[in-house]
Amino acid sequence: MFRSRIIPVLLMKDGDLVKSKRFKNYRYIGDPINAIKLFNDLKVDELVLLDIGASIEKRLIDINFVKKLGEETNMPFSVGGGIRTLDDIQRILAAGAEKVVINSYALINPDFIKEAAENFGSSSIVVCIDIKNRLFSSPRVCAYNGKKNYPYTPSDFARLMENNGAGEVIIQSIQNDGMMSGYDLDLIKEISSILTIPVIPLGGAGNSEHLIEAVEKGFASAVAAGSLFVFHGKDSGVLINYPEKIDFVF
Numbered sequence: 001m002f003r004s005r006i007i008p009v010l011l012m013k014d015g016d017l018v019k020s021k022r023f024k025n026y027r028y029i030g031d032p033i034n035a036i037k038l039f040n041d042l043k044v045d046e047l048v049l050l051d052i053g054a055s056i057e058k059r060l061i062d063i064n065f066v067k068k069l070g071e072e073t074n075m076p077f078s079v080g081g082g083i084r085t086l087d088d089i090q091r092i093l094a095a096g097a098e099k100v101v102i103n104s105y106a107l108i109n110p111d112f113i114k115e116a117a118e119n120f121g122s123s124s125i126v127v128c129i130d131i132k133n134r135l136f137s138s139p140r141v142c143a144y145n146g147k148k149n150y151p152y153t154p155s156d157f158a159r160l161m162e163n164n165g166a167g168e169v170i171i172q173s174i175q176n177d178g179m180m181s182g183y184d185l186d187l188i189k190e191i192s193s194i195l196t197i198p199v200i201p202l203g204g205a206g207n208s209e210h211l212i213e214a215v216e217k218g219f220a221s222a223v224a225a226g227s228l229f230v231f232h233g234k235d236s237g238v239l240i241n242y243p244e245k246i247d248f249v250f
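Counting from 1, one number per residue, gives the positions in the sequence shown under the working numbering.
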C-alpha cells in the first residue's frame with residue numbers, strides 16, 4: 001500500500017515567507033529559499049508554494065523565483081499565485097514546477113480549469129478551494145484571500161472542479177488556518193465521499209495525530225499543513241521540521 005503524501009505549504013507575501021491565522025495576522029517566517037533548502041534536505045514528499053498577494057495585485061508569481069526553486073531542490077513542487085492564462089501555466093511548468101495551483105481564478109472562470117486540463121493534463125492541475133464558515137448559514141467558497149464570497153457550497157464547487165478536469169483539490173479551511181487545533185474533519189469527509197480525485201485538507205494541523213485523523217476519519221488522500229512544519233514548541237518558535245515517519249497508509 002502507498003503511504004499518504006505529507007505536504008508542507010509555504011506562503012509568500014512581498015517576497016517573504018509568512019504564516020497567517022485565519023488569513024490574517026501575517027507573521028514573518030524567513031527567507032523562502034532558505035526554508036525550501038531545509039525542506040529539500042528533510043526529503044519531504046512534495047512542497048506547495050503559494051504567492052498569496054499575486055491575485056489581488058493582478059500579477060503572476062515571479063517566474064525567476066520558480067526557476068530558482070527548481071534549481072535548488074530535487075523534490076516535486078507545486079506553485080500558485082496569480083494564474084489566469086494558459087501561458088502562465090506553461091511558464092510555471094517550464095520553470096520546473098510539477099503542478100500549478102489555481103485558486104481565485106477557478107472561481108472567476110471555472111471553465112478555465114477545463115482548458116488547463118485539456119492542454120496540460122489533469123495531473124498538472126490542482127485547485128485550491130478556500131472555505132469560509134458563516135454564522136447561522138452554511139459554509140461558502142471564497143476568493144482573494146477570503147475577501148470575496150461566491151454562491152457555491154464547498155461540495156458543489158469541488159464536484160464542479162473534478163468534472164472540469166482538476167487532478168486534485170486542496171480544501172482549505174479559513175476558520176482553522178494557523179490555529180493548529182485540528183482539521184475540519186466533517187468537511188473533509190463530506191468532500192472526499194463525493195470525489196474520485198485526491199482530496200487534500202489544509203488548515204488546522206498541529207500535530208501528527210491530526211494528520212492521521214484526516215486520512216483515517218476524513219478519508220483524505222494526502223495531507224497538507226503550514227504552521228505544523230514551520231513552528232515548534234509552546235512559544236511557536238520558527239523551526240523548519242518534518243516528521244521522520246507517520247504510520248498511516250492510504
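The beta carbon of each residue, even a glycine, is placed where N, CA and C say it ideally should be.
Could you give the distance in angstroms between the alpha-carbon of residue i and the alpha-carbon of residue j?
i    : j    : result
N251 : N109 : Residue 251 lies beyond the stretch modelled for the chain, which goes from 1 to 250, so this question has no answer here.
Y152 : K24  : 23 Å
D87  : I200 : 26 Å
H232 : V238 : 6 Å
Q175 : R27  : 17 Å
L42  : M161 : 32 Å
E213 : T85  : 37 Å
F229 : K132 : 23 Å
N34  : N40  : 10 Å
R5   : A225 : 11 Å
P243 : S227 : 13 Å
M12  : R59  : 14 Å
G53  : D14  : 7 Å
F248 : G81  : With a pLDDT of 49 at F248, under the threshold of 50, the modelled position of that residue is not reliable, and the figure given next carries that caveat. Their backbone Cα atoms lie some 31 Å apart in a straight line.
I89  : I83  : 7 Å
S123 : G70  : 18 Å
I7   : I63  : 22 Å
S193 : N74  : 33 Å
I170 : K114 : 17 Å
A158 : I129 : 8 Å
Which whole-angstrom value is the C-beta distance of residue i and residue j, which I expect to be below 8 Å?
i    : j    : result
L202 : V9   : 6 Å
A143 : L107 : 5 Å
I61  : V79  : 6 Å
V126 : A166 : 7 Å
V66  : G30  : With 8 Å as the limit, V66 and G30 do not qualify as a contact, their Cβ atoms being about 19 Å apart.
Going by DSSP in three states, residue i sits in which element: helix, strand or coil?
i    : result
L195 : coil
L11  : strand
F231 : strand
I174 : coil
P154 : helix
A225 : strand
I6   : strand
L60  : coil
D184 : coil
K217 : coil
G165 : coil
A106 : helix
R84  : coil
Comparing the C-beta of residue i with each C-beta of chain C, is any distance below 9 Å?
i    : result
A106 : The chain inventory of the structure shown lacks chain C, comprising one protein chain alone.
Starting from residue i, follow its DSSP beta bridges and name the residues at the other end.
i    : result
L38  : Note: L38 sits in no beta bridge, so no partner.
A143 : K148
Y28  : V18
S78  : V48 and K99
G237 : H232
I200 : I170
| message | To test your reading of the DSSP string, which unbroken beta strand (DSSP E) runs of 3 or more residues are found completely within the segment 109-141? | response | 125-134
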